[in-house]
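The next block holds one structure in the form of structure tokens; read it before the comments.
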Amino acid sequence: MELMDLRDLGFNRWFRTRLERLHRPEHSVARVTAVDRDRYLVRNERNEVLAELTGKLMFSAASSQDLPCVGDWVFVQYHNADTFAVIHELFPRRTVLIRKAAGKRVQHQLIASNVDVAFVVQSCDSDFNLRRLERYVVVAKEAGIEPVFVLSKRDLISGRELEQRKKQVEGAGFTIRTLAVSNLTRSGLDELLNVLERGKTYCLLGSSGVGKTTLLNQLLGREAFKTKAVRKKDGKGRHATARRQLVVLDNGAMFIDNPGMRELGLIGASSGIEESFSDIVELSKGCRFRDCTHTSEVNCSVLTAIEQGELSEERYRSYLKLRKESEYHQMSYVEKRKKDREFGRFVKSVMKHKKKR
Ligand SMILES: Nc1nc2c(ncn2[C@@H]2O[C@H](COP(=O)(O)OP(=O)(O)OP(=O)(O)O)[C@@H](O)[C@H]2O)c(=O)[nH]1
Ligand SMILES: [Mg+2]
Ligand SMILES: [Zn+2]
Numbered sequence: 009m010e011l012m013d014l015r016d017l018g019f020n021r022w023f024r025t026r027l028e029r030l031h032r033p034e035h036s037v038a039r040v041t042a043v044d045r046d047r048y049l050v051r052n053e054r055n056e057v058l059a060e061l062t063g064k065l066m067f068s069a070a071s072s073q074d075l076p077c078v079g080d081w082v083f084v085q086y087h088n089a090d091t092f093a094v095i096h097e098l099f100p101r102r103t104v105l106i107r108k109a110a111g112k113r114v115q116h117q118l119i120a121s122n123v124d125v126a127f128v129v130q131s132c133d134s135d136f137n138l139r140r141l142e143r144y145v146v147v148a149k150e151a152g153i154e155p156v157f158v159l160s161k162r163d164l165i166s167g168r169e170l171e172q173r174k175k176q177v178e179g180a181g182f183t184i185r186t187l188a189v190s191n192l193t194r195s196g197l198d199e200l201l202n203v204l205e206r207g208k209t210y211c212l213l214g215s216s217g218v219g220k221t222t223l224l225n226q227l228l229g230r231e232a233f234k235t236k237a238v239r240k241k242d243g244k245g246r247h248a249t250a251r252r253q254l255v256v257l258d259n260g261a262m263f264i265d266n267p268g269m270r271e272l273g274l275i276g277a278s279s280g281i282e283e284s285f286s287d288i289v290e291l292s293k294g295c296r297f298r299d300c301t302h303t304s305e306v307n308c309s310v311l312t313a314i315e316q317g318e319l320s321e322e323r324y325r326s327y328l329k330l331r332k333e334s335e336y337h338q339m340s341y342v343e344k345r346k347k348d349r350e351f352g353r354f355v356k357s358v359m360k361h362k363k364k365r
């Protein structure tokens, strides 16, 4: 493996300014590139090595959010002639992508951390869905990550249909960059490559089967990762990718591929929603009441805009739905975090007690 600067792995100013305060001479800095239960892969300037957590870090974690995820910067100590690392501490995260995992319970899941740009991938044919795009954009913006929309498999539709799709995206009020690519014909790939910057971290998000891994293989120039054909009958993917992994391209950009997601639940994403629906926020400045909920109030500019056809009813409904979901999950999430922390403290006190005896 080529010798790299930590900066090329994304250790930019934001991290460097925090380094002095946190750093201990016996520790080195490395980046987590893969997680498999309690085993990790970390990467430094020279190579990628297997790593484990210290018992202290494992037991002091109040919830899974306090454990390393792909993209994290960590403090490590090397052993066995630098072939094995022990992770002592987590670096603060500049950005973190979190979702509510599928299911009724409010269980959050870390997708990746310290990502700069999220490529939200939808295939041009049956997967294209603006409401789902809104959801991904909210999650990305909430995390402080720039979303870019990637329409994949453009070989499956005509040029005219593609233009229509792009118009739909614009017409729905999105102000994000949209790229169209085909892994088959390689069209649009150069444009995508042009967007990439050395030292920045990109992640691929989207449903199973839209071609995320195929795209990554294309960018790598080799079949590094496994892909799977979609089901014939409904065009749905078959969850080819099981694990997240951070890889570095020849041009210095880093990529985190993700397993296709069935559900991307929101947790407390109010600022992400505000940013993604800036058109509605702008309209609401004209509402009569400052705390207008834009549902039944008189002199509500948002409702007026819908009546006058200036705001699409679908977009408005989507806004209300995401807002409600985010608030609801935020409440139960705060509760759960509190309980997790209490349990964490309980475990710690038991361990202390044990040591004393
Ligand atoms: N027609 C066409 N098919 C493609 C294109 N890109 C990928 N595919 C096919 O789509 C299928 C799924 O591709 P994957 O790369 O495994 O999809 P994925 O998004 O990584 O799926 P998960 O890992 O399950 O989330 C494979 O059979 C690919 O060959 C494309 O640009 N055009
Ligand atoms: Mg995949
Ligand atoms: Zn209003």
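In terms of the numbering used here, the sequence shown is numbered consecutively and its last residue is 365. Don't be surprised by glycine CBs; every beta carbon is placed ideally from N, CA and C.
Secondary structure note for Q176: its alpha helix (DSSP H) is the uninterrupted segment 167-179.
Closer than 8 Å to some heavy atom of ligand 1: that does not describe the Cβ of V203. If you draw a straight line from the Cα of V78 to the Cα of R15, it is about 17 Å long. In this structure, the C-beta of V289 stays at least 8 Å away from each heavy atom of ligand 3.
Counting only runs of 3 or more residues that sit fully inside the segment 183-209, the beta strand (DSSP E) segments are 186-188, in chain order.
Around the beta-carbon of V123, 16 or more other beta-carbon atoms lie within 10 Å, marking it buried.
One thing to note: K108 has its Cβ within 9 Å of the Cβ of L274. For the pair S215 and K240, the CB atoms are not nearer than the 9 Å cut-off.
For E97, the enclosing beta strand (DSSP E) has its first and last residue at 92-98. Per DSSP, the unbroken alpha helix (DSSP H) holding M66 starts and ends at 63-68. By the Cβ-count criterion, G317 is exposed, with fewer than 16 other Cβ atoms from all chains shown falling within 10 Å of its own Cβ. Between A232 and L224, the C-beta gap is smaller than 9 Å, which places the two residues in contact. Assigned with DSSP and collapsed to three states, S320 falls in coil, not helix or strand. Scanning its chain for C-beta atoms nearer than 6 Å, with the 5 sequence neighbours on each side dropped, one finds around C295 the residues C308, S309, in chain order.
Between R206 and A126, the CB-CB gap reaches or exceeds 9 Å. By a beta-carbon distance limit of 8 Å, A38 does not contact V94. Their separation comes to about 11 Å. If you draw a straight line from the Cα of L212 to the Cα of S71, it comes to about 25 Å.
Between ligand 2 and F136, a heavy atom-to-CB distance of less than 8 Å is absent.
Taking a C-beta distance under 9 Å as the contact criterion, N259 and L201 qualify as a contact pair. Here G152 carries a coil assignment [DSSP, helix/strand/coil].
Residue environment for S286: exposed (fewer than 16 other C-beta atoms within 10 angstroms of its C-beta). Taking C-alpha positions only, T62 is separated from A69 by approximately 11 Å. For S160, the shortest C-beta to heavy atom distance toward ligand 2 is 8 Å or greater.
With a cut-off of 8 Å on Cβ pairs, the segment 147-162 is in contact with the segment 184-193, counting three or more such pairs.
Shown here, K244 sits in coil according to DSSP, grouped into three states, outside any helix or strand.
Closer than 8 Å to some heavy atom of ligand 2: that does not describe the Cβ of T193. Within the segment 261-310, the runs of beta strand (DSSP E) that reach at least 3 residues and sit entirely inside it are, in chain order, 262-265. T41 sits buried, since 16 or more C-beta atoms from the chains shown fall within 10 Å of its C-beta. In this structure, the straight-line span from the alpha carbon of R194 to that of R323 is close to 33 Å. Residue state for T103 is assigned as coil, using DSSP reduced to three classes. Contact between G152 and T103 holds: their C-beta atoms lie close to 5 Å from each other, under 8 Å.
Taking C-beta atoms under 8 Å as the contact rule, A277 and S334 qualify, at a distance of about 4 Å. If you draw a straight line from the Cα of H87 to the Cα of F263, it is about 28 Å long.
By alpha-carbon distance to N52, the top candidate from D198, K329, A180, L17 is L17. For Q253, the enclosing beta strand (DSSP E) has its first and last residue at 253-256.
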